[in-house]
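Protein chains in written order, with UniProt numbering: chain A, 1 to 667; chain B, 1 to 667.
Worksheet: one structure, shown below.
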Ligand SMILES: Cc1cc2nc3c(=O)[nH]c(=O)nc-3n(C[C@H](O)[C@H](O)[C@H](O)COP(=O)(O)OP(=O)(O)OC[C@H]3O[C@@H](n4cnc5c(N)ncnc54)[C@H](O)[C@@H]3O)c2cc1C
Ligand SMILES: Cc1cc2nc3c(=O)[nH]c(=O)nc-3n(C[C@H](O)[C@H](O)[C@H](O)COP(=O)(O)OP(=O)(O)OC[C@H]3O[C@@H](n4cnc5c(N)ncnc54)[C@H](O)[C@@H]3O)c2cc1C
Ligand SMILES: [Ca+2]
């Protein structure tokens with residue numbers, strides 16, 4: 001987005017080098033013309049509103065920071081209402097405000113939980129309240145003692161037929177709810193996950209709508225202890241969120257506040273399964289994780305945009321026509337940066353595809369077709385894990401690519417990192433998710449030849465026989481431009497790793513023990529499978545018509561960079577399974593270098609295509625106009641720490657040292 | 001260190017499992033009995049002094065945080081004087097205070113710069129002032145526009161023979177000094193690096209002692225603009241340091257404040273080289289980088305200690321005798337954690353060796369023997385790069401290993417990460433350093449067979465002919481326990497990668513162009529070389545007598561884990577160069593798993609051996625007694641944010657939403 005404020009564009013020369021239609025690429029990145037326009041309008045709306053200023057965030061102490069977030073959430077809500085924004089527009093507006101807030105959990109978890117797990121009656125009652133924000137909700141699942149193992153949660157919900165109520169209770173210290181966002185200070189309600197008990201029997205963990213705070217004075221209701229769990233990683237960052245702790249001392253709620261779409265408790269205390277299958281809740285997980293994958297491409301592209309622009313501004317050593325070399329021209333810089341640029345595009349494409357997958361799954365669910373659900377579930381779990389892990393590492397790599405200046409908060413990268421990393425943990429620890437994927441992979445392998453052909457992203461496993469013996473056909477570097485060659489190498493690698501794991505597993509008499517013992521290898525097989533999904537979706541995209549001069553060509557280069565840089569990084573997999581030979585790897589490496597050169601003149605335009613405002617980037621190094629140094633310098637002087645030349649504490653603690661008022665006889 | 005406060009030891013069962021002499025291991029870790037005692041005493045001294053409390057650090061706003069650091073530095077100085085501590089003790093005390101402060105740069109950079117680059121006369125004048133802290137100094141090299149490329153610095157020091165002075169000047173915005181620690185608010189003096197100009201001619205970049213602030217009122221002297229560059233990554237963390245910005249407007253200093261050990265300017269303005277060779281400054285770099293490598297093992301071991309203890313406390317899923325499985329028993333957890341534990345020991349051993357190397361280099365320098373200097377310089381540069389990169393990533397991995405709770409500041413890991421990562425950038429950007437190593441590797445390869453056999457850590461290159469054709473002899477998993485098998489694989493990999501690079505380079509008519517084009521591969525060769533150094537130093541250590549029952553056995557297991565996990569991670573290198581075959585890799589992988597099982601019962605004792613106090617760890621998750629949950633819970637309630645149930649801003653910004661005082665006709 002052109003933020004020139006009437007000034008000079010120090011990156012103008014770079015922009016002139018681009019060999020593709022920038023507008024067409026912007027639309028491709030946004031999804032379509034309609035989505036582009038919404039995003040563009042919302043981003044400008046936020047950027048031009050001084051109330052959404054965010055550069056002071058890293059300096060604010062917690063209470064002030066939090067208050068500031070409440071102010072922004074209020075402002076956003078007002079604008080949404082005043083401008084009569086659609087749901088799509090509102091969600092984009094909140095995204096560009098770029099500050100974690102209680103509203104994220106309200107809209108992102110509380111509402112979907114009721115939609116997914118509430119009966120129609122419950123939805124009719126609660127959703128309008130939530131939509132109008134007459135109540136504010138959060139998602140209270142995790143406890144001090146249990147996160148990954150949801151079945152191990154200790155909070156109890158005991159049915160009392162006498163009063164037709166559930167008694168929600170925290171029986172141990174470790175059963176304290178711990179982490180839910182929005183819980184600490186703001187939510188009036190929560191979906192609380194608890195162990196359902198009727199008549200002394202347990203019936204697993206279920207969701208309950210529980211009011212936490214008075215709608216009058218906002219104080220915790222009787223029996224409820226609630227607070228904030230304290231500071232989290234980073235300055236500013238996720239500390240704008242009130243992740244909370246919550247304990248129940250025999251809190252009573254009406255029976256109809258158990259979310260009863262799949263399981264009902266009658267007023268007699270009987271537990272009845274509804275005809276809605278339990279897998280239905282997978283639908284919500286697919287939804288939530290699909291948004292996480294999409295967000296990965298957003299966070300990653302933001303970091304890449306900053307590092308790419310700064311790498312074109314920064315000059316160090318060497319000389320080109322008398323000036324020093326732009327660091328983006330160093331092959332080491334390219335070999336670290338361009339794969340991340342390619343990954344941003346790859347994740348965006350797979351994110352778009354997952355949106356489609358979710359729609360497809362939803363339609364099938366409506367038609368009572370559950371056949372694709374397990375595969376869709378595994379696929380989103382795996383992609384959530386892959387994309388968030390890669391993005392977290394990539395943000396930090398982008399920060400390092402900026403040298404010393406990347407360590408300043410004004411670079412925007414420290415806060416981006418700190419705010420992003422928990423995505424590797426929430427909604428499923430990334431390793432635990434990969435182990436789930438591995439289970440499905442092993443099941444798929446064991447069913448090969450059983451007449452039940454694998455579906456969806458597992459389909460290629462049906463060609464295992466061929467893939468176990470295929471040979472790489474690359475003879476010269478350019479052969480790696482052929483998508484079939486790339487795809488076959490990735491498919492072969494994945495199948496062979498899975499089959500090898502299955503073979504090793506079969507040596508164990510106790511399969512569960514085997515699974516535990518070989519779990520590190522199984523995780524490797526899952527990663528290979530997930531990387532293949534991304535590569536194949538990228539390649540599929542390239543088979544479509546892509547409007548705009550030169551756009552497809554750029555994407556082809558990026559697809560090559562994405563695939564071949566993964567191959568380089570995981571070369572051990574490809575070689576040890578014999579999918580490729582060292583000479584093929586060396587050809588791929590040669591091609592990769594030449595693809596870097598191809599992308600180089602387009603690099604700035606490729607990040608301009610993300611259409612991010614300077615406000616959204618929040619980075620002096622990533623400024624659209626490249627005018628980095630004067631702004632870095634100005635930024636420093638704005639810091640309140642520079643208000644006085646002699647800092648607080650100097651006279652008390654440093655002067656006595658200098659004046660030798662602290663001394664011993666020895667010195 | 002036993003911090004039980006009279007309470008229960010929840011990790012007692014784990015401690016009973018240990019199969020080695022803990023005290024002997026503690027001494028090995030510390031270096032020797034003497035060093036152990038000093039470290040132990042200083043750590044306890046700090047831990048028991050409430051003035052050194054640090055758990056509020058993440059919550060303090062910058063000015064308060066900084067004041068607090070000044071207070072601690074003052075306290076430390078007082079204790080050092082009162083207790084008449086030796087230099088060694090003082091440095092340990094400062095280390096355990098564990099808070100970056102202006103004193104780090106004073107002792108760590110200012111004093112060594114004068115020692116290394118000052119004449120004897122200059123040393124006699126300035127060192128006593130610095131030792132007594134009558135002046136406080138920093139190291140002002142980096143500028144806004146130049147960090148890595150020191151020869152590109154723009155600050156000028158122009159000799160004026162009329163007054164016998166140098167005029168220090170900042171001719172451009174980008175020539176502003178930017179980053180020096182201690183500069184922003186505290187230093188009275190700096191060693192300033194500037195371009196020496198006499199009689200209109202340039203003579204390269206040299207160091208000058210410049211007074212910045214009045215010793216009376218601490219205000220900047222005329223012509224000097226100085227301030228802080230603003231917030232850096234993380235809460236607390238490195239924000240205790242006043243990294244600064246500095247500009248000179250024709251500031252005059254006497255001629256004798258140029259550091260003249262290698263180059264002198266006479267009062268006539270003649271520039272005279274002394275007989276001390278320029279390489280001498282390498283000595284200082286070897287010294288500084290050796291301390292960085294040692295510090296890497298400290299930071300890494302701290303993170304590993306936290307993650308290991310918490311992994312033994314944390315239970316999730318499965319069941320062992322009715323209780324859930326400790327997450328440390330999952331092979332995925334082990335395969336992520338134990339290589340880092342092994343790496344901590346590996347870096348400690350190589351750090352100890354580097355201390356020896358520095359002594360050796362210093363002695364040779366005294367005897368005018370410069371023969372080992374280039375190799376020592378390359379080796380410390382490479383090891384600085386390797387150990388800091390690995391440590392930064394490892395801290396973040398340890399944080400992830402703690403699941404959600406690792407994201408809380410009270411885990412200690414976020415601050416440790418944020419404070420540690422700049423080590424990848426300062427004292428040489430890690431990629432730039434690896435490129436320097438690559439130059440020496442290429443030179444060494446080109447001189448093979450020239451009758452000039454490679455020395456020191458390059459010695460194995462002399463056996464290139466053999467190593468280019470050697471075959472791995474491992475037949476069964478246990479063969480990988482044989483250090484010769486491991487060493488040969490690592491040596492072969494390194495030689496083959498270097499030789500392959502050299503061969504590819506020779507295809508270029510312009511070698512400099514070739515070096516740029518192939519630089520990513522060259523970096524790979526440098527990493528291989530540096531990893532080999534660590535592996536070989538670990539193996540050398542194991543050839544020595546090691547006191548204490550079972551100690552050597554543990555170290556052997558750790559050495560195996562270190563080497564084989566690197567092999568697994570960089571398998572592509574080993575396979576593509578044909579050093580090992582896929583079957584060898586598979587055997588190594590099997591052995592690795594069994595080594596994890598071997599280490600498992602010793603894991604807690606192996607981190608106890610670091611002898612860290614709970615104060616130093618600063619982590620609720622890493623507590624010695626394992627009493628994690630109650631303390632996490634207490635910690636949350638201590639946060640001032642929990643002082644009131646209804647947060648500031650609620651009435652103004654949230655209540656109107658809930659009460660629908662903000663609304664539109666549409667909803
Ligand atoms: C910023 C943030 C926001 C959050 N928001 C919410 C929220 O709004 N609502 C909510 O309910 N929760 C929330 N959470 C909690 C989050 O969902 C959990 O932290 C997450 O599910 C991980 O669980 P855990 O913390 O128990 O990790 P653990 O399971 O304790 O993980 C610790 C280690 O054990 C390993 N491990 C665990 N099980 C296995 C296994 N079976 N096999 C191998 N290894 C294993 C993991 O890989 C990890 O390395 C949030 C967390 C964070 C950090
Ligand atoms: C916390 C902190 C404390 C510091 N303390 C001090 C201090 O006390 N005194 C002081 O003088 N300085 C200090 N510094 C500055 C520090 O020394 C520099 O930041 C460091 O030398 C890196 O230089 P740079 O920032 O110019 O990085 P750059 O060189 O600009 O690096 C940017 C990118 O370009 C790449 N690059 C650069 N040159 C090449 C090349 N030739 N080939 C390939 N790639 C290249 C790098 O790999 C990197 O990815 C400090 C920095 C930090 C972050
Ligand atoms: Ca304050």
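Where a beta carbon is used, it is the ideal one built from N, C-alpha and C, also for glycine.
Since we're looking at a predicted model, the values are computed, not measured.
For residue 266 of chain B, three-class secondary structure by DSSP
In the second chain, residue 266 of chain B corresponds to position 266, counting from 1. Residue 266 of chain B falls in the coil class under three-state DSSP.
Using a Cβ-Cβ cut-off of less than 7 Å, give me the residues of the segment 40–66 of chain B that come near chain A, in sequence order.
58, 59, 61, 62, 63, 66
Min CB distance residue 508 of chain B to chain A below 9 Å:
Locating residue 508 of chain B in the second chain gives position 508, where the first residue counts as 1. It does not; no Cβ of chain A falls within 9 Å.
Within 9 Å of any Cβ in chain B, is that where the Cβ of residue 384 of chain A sits?
As a position in the first chain, residue 384 of chain A is number 384, starting the count at 1. No, residue 384 of chain A does not count as interfacial toward chain B.
Can you round the beta-carbon distance between residue 15 of chain A and residue 605 of chain A to whole angstroms, since I take them to be within the 8 Å contact cut?
To locate residue 15 of chain A, count along the first chain from 1; it is residue 15. To locate residue 605 of chain A, count along the first chain from 1; it is residue 605. That belief holds up - the Cβ atoms of residue 15 of chain A and residue 605 of chain A are roughly 6 Å apart, short of 8 Å.
With DSSP as the reference, please indicate the residues paired to residue 248 of chain A in a beta bridge.
Numbered from 1 along the first chain, position 248 holds the residue referred to as residue 248 of chain A. Looking at the DSSP assignment, residue 248 of chain A forms a beta bridge with A/224.
Cβ closer than 9 Å: which chain A residues qualify as neighbours of residue 180 of chain B?
By 1-based counting over the second chain, the position of residue 180 of chain B is 180. Residues of chain A passing the Cβ test: none, with the nearest at roughly 11 Å.
Could you tell me whether any Cβ in chain B is nearer than 9 Å to the Cβ of residue 240 of chain A?
As a working note, residue 240 of chain A is residue 240 in the first chain. No, because no Cβ of chain B sits closer than 9 Å to the Cβ of residue 240 of chain A.
Helix, strand or coil: how does DSSP classify residue 18 of chain B here?
Along the second chain, read from residue 1 onward, the residue named residue 18 of chain B stands at position 18. Reduced to three states, the DSSP call for residue 18 of chain B is coil.
Counting only the same chain and skipping the five closest in sequence on each side, list residues whose C-beta sits under 7 Å from that of residue 683 of chain A.
The structure shown does not extend to residue 683 of chain A, since chain A is modelled only from 1 to 667, so the question has no answer here.
I need the boundaries of the alpha helix (DSSP H) containing residue 382 of chain B, first residue and last residue.
Translated into the one-based positions of the second chain, residue 382 of chain B becomes position 382. Element bounds for residue 382 of chain B: 373–401.
Quick check on residue 636 of chain B: buried or exposed, where buried means 16 or more other Cβ atoms within 10 Å of its Cβ?
As a first step, residue 636 of chain B is located in the second chain; it is residue number 636 there, counting from the start. Residue 636 of chain B comes out buried.
Would you kindly report the start and end of the unbroken alpha helix (DSSP H) that includes residue 202 of chain A?
Counting from 1 along the first chain, the entry for residue 202 of chain A is found at position 202. Per DSSP, residue 202 of chain A belongs to no alpha helix (DSSP H); it is in the beta strand (DSSP E), 201–211.
Verify whether the separation of the beta carbon atoms of residue 336 of chain A and residue 326 of chain A is less than 9 Å.
Residue mapping note: residue 336 of chain A aligns to position 336 of the first chain, counting from 1. Residue mapping note: residue 326 of chain A aligns to position 326 of the first chain, counting from 1. Not a contact, by the Cβ cut-off of 9 Å.
What alpha helix (DSSP H) runs, 4 residues minimum, are completely inside the segment 115–190 of chain B?
Whole alpha helix (DSSP H) segments, 4+ residues: 120–131.
Cβ of residue 77 of chain B less than 9 Å from any chain A Cβ?
As a first step, residue 77 of chain B is located in the second chain; it is residue number 77 there, counting from the start. Among the CB atoms of chain A, one or more fall inside 9 Å of the CB of residue 77 of chain B.
Contact set for residue 236 of chain B: own chain, Cβ-Cβ below 6 Å, skip 5 residues either direction:
Numbered from 1 along the second chain, position 236 holds the residue referred to as residue 236 of chain B. Around residue 236 of chain B: 57, 58, 415.
Just mark residue 483 of chain A as buried or exposed, buried being the case when its beta carbon has 16 or more other beta carbons within 10 Å.
What you label residue 483 of chain A is simply residue 483 of the first chain in a count that begins at 1. Residue 483 of chain A comes out buried.
Distance between residue 435 of chain A and residue 512 of chain A (C-alpha atoms, nearest Å):
Start at 1 with the first residue of the first chain, and residue 512 of chain A comes out as number 512. Start at 1 with the first residue of the first chain, and residue 435 of chain A comes out as number 435. About 12 Å.
Going by DSSP, what residue range makes up the alpha helix (DSSP H) through residue 675 of chain B?
Not covered by the structure: residue 675 of chain B. The range shown for chain B is 1 to 667.
Measure the CB-CB distance between residue 166 of chain A and residue 229 of chain A and report whether it falls below 9 Å.
Here residue 166 of chain A corresponds to residue number 166 of the first chain, with the count starting at 1. Here residue 229 of chain A corresponds to residue number 229 of the first chain, with the count starting at 1. Cβ distance not < 9 Å, so residue 166 of chain A and residue 229 of chain A don't count as in contact.
Can you tell me where the alpha helix (DSSP H) with residue 460 of chain B in it begins and where it stops?
In the second chain, residue 460 of chain B corresponds to position 460, counting from 1. Unbroken run through residue 460 of chain B: none, as it is neither H nor E.
Distance between beta carbons of residue 394 of chain B and residue 300 of chain B, contact taken as under 8 Å:
For the purposes of this step, residue 300 of chain B is taken as residue 300 along the second chain, with counting starting at 1. For the purposes of this step, residue 394 of chain B is taken as residue 394 along the second chain, with counting starting at 1. Right, the Cβ-Cβ distance comes to about 5 Å (below 8 Å), so this counts as a contact.
Express the C-alpha separation of residue 527 of chain B and residue 353 of chain B in angstroms, rounding to a whole number.
For the purposes of this step, residue 353 of chain B is taken as residue 353 along the second chain, with counting starting at 1. For the purposes of this step, residue 527 of chain B is taken as residue 527 along the second chain, with counting starting at 1. Here the alpha carbons of residue 527 of chain B and residue 353 of chain B stand approximately 19 Å from one another.
List, in order along the chain, the chain A residues whose C-beta lies closer than 8 Å to that of residue 647 of chain B?
Taking the second chain and counting its residues from 1, one reaches residue 647 of chain B at position 647. Those are 63, 66, 67, 70, 185, 186, 242, listed as they occur along chain A.
is_contact[residue 409 of chain A, chain B] using C-beta, thresh 9 Å
As a first step, residue 409 of chain A is located in the first chain; it is residue number 409 there, counting from the start. Yes, because at least one Cβ of chain B sits closer than 9 Å to the Cβ of residue 409 of chain A.
Tell me which same chain residues have a C-beta within less than 8 Å of the C-beta of residue 269 of chain A, skipping the five on either side of it?
Here residue 269 of chain A is taken as the residue at index 269 of the first chain, counted from 1. 159, 161, 198, 199, listed in sequence order.
Can you tell me the Cβ-Cβ gap for residue 110 of chain A and residue 191 of chain A, rounded? I've got them flagged as a contact below 8 Å.
Mapped onto the first chain, residue 110 of chain A falls at position 110. Mapped onto the first chain, residue 191 of chain A falls at position 191. Residue 110 of chain A to residue 191 of chain A, Cβ: 6 Å. Contact.
Straight-line CA distance for residue 666 of chain B to residue 48 of chain A?
The sequence position of residue 666 of chain B within the second chain is 666, counting from 1. The sequence position of residue 48 of chain A within the first chain is 48, counting from 1. Summary for residue 666 of chain B: the model assigns pLDDT 46, below 50, so the residue's position carries little reliability; its value from the coordinates is reported in the next sentence. Their backbone Cα atoms lie some 26 Å apart in a straight line.
With respect to 8 Å, is the separation between the Cβ of residue 536 of chain B and the closest non-hydrogen atom of ligand 2 below this value?
Position 536 of the second chain, counted from the start, is the residue given in the question as residue 536 of chain B. No - ligand 2 has no heavy atom lying nearer than 8 Å to the Cβ of residue 536 of chain B.
Could you give the residue range of the alpha helix (DSSP H) that holds residue 324 of chain B?
Mapped onto the second chain, residue 324 of chain B falls at position 324. Unbroken run through residue 324 of chain B: none, as it is neither H nor E.
9 Å Cβ cutoff met for residue 27 of chain A and residue 19 of chain A:
Translated into positions along the first chain, residue 27 of chain A becomes position 27. Translated into positions along the first chain, residue 19 of chain A becomes position 19. Not in contact: residue 27 of chain A and residue 19 of chain A (Cβ atoms no closer than 9 Å).
Nearest CA to the CA of residue 135 of chain B: which residue from B/125, B/243, B/142, B/460?
Taking the first residue of the second chain as position 1, residue 135 of chain B is located at position 135. Among B/125, B/243, B/142, B/460, the Cα nearest to that of residue 135 of chain B belongs to B/125.
I want to check one thing, is the minimum distance from the CB of residue 431 of chain A to the heavy atoms of ligand 1 below 8 Å?
In the first chain, counting from the first residue as 1, residue 431 of chain A sits at position 431. Yes; taking the cut-off as 8 Å, the Cβ of residue 431 of chain A has a heavy atom of ligand 1 nearer than that.
Under 8 Å Cβ to Cβ from residue 221 of chain B, same chain only, skipping five residues before and after it: list those, please.
Position 221 of the second chain, counted from the start, is the residue given in the question as residue 221 of chain B. Within its own chain, the residues whose Cβ lies closer than 8 Å to the Cβ of residue 221 of chain B, once the five positions on either side in sequence are excluded, are 211, 212, 213, 214, 251, listed in chain order.
Residue 11 of chain A and residue 624 of chain A - do their beta-carbons sit closer together than 9 Å?
Position 624 of the first chain, counted from the start, is the residue given in the question as residue 624 of chain A. Position 11 of the first chain, counted from the start, is the residue given in the question as residue 11 of chain A. Closer than 9 Å, so yes.
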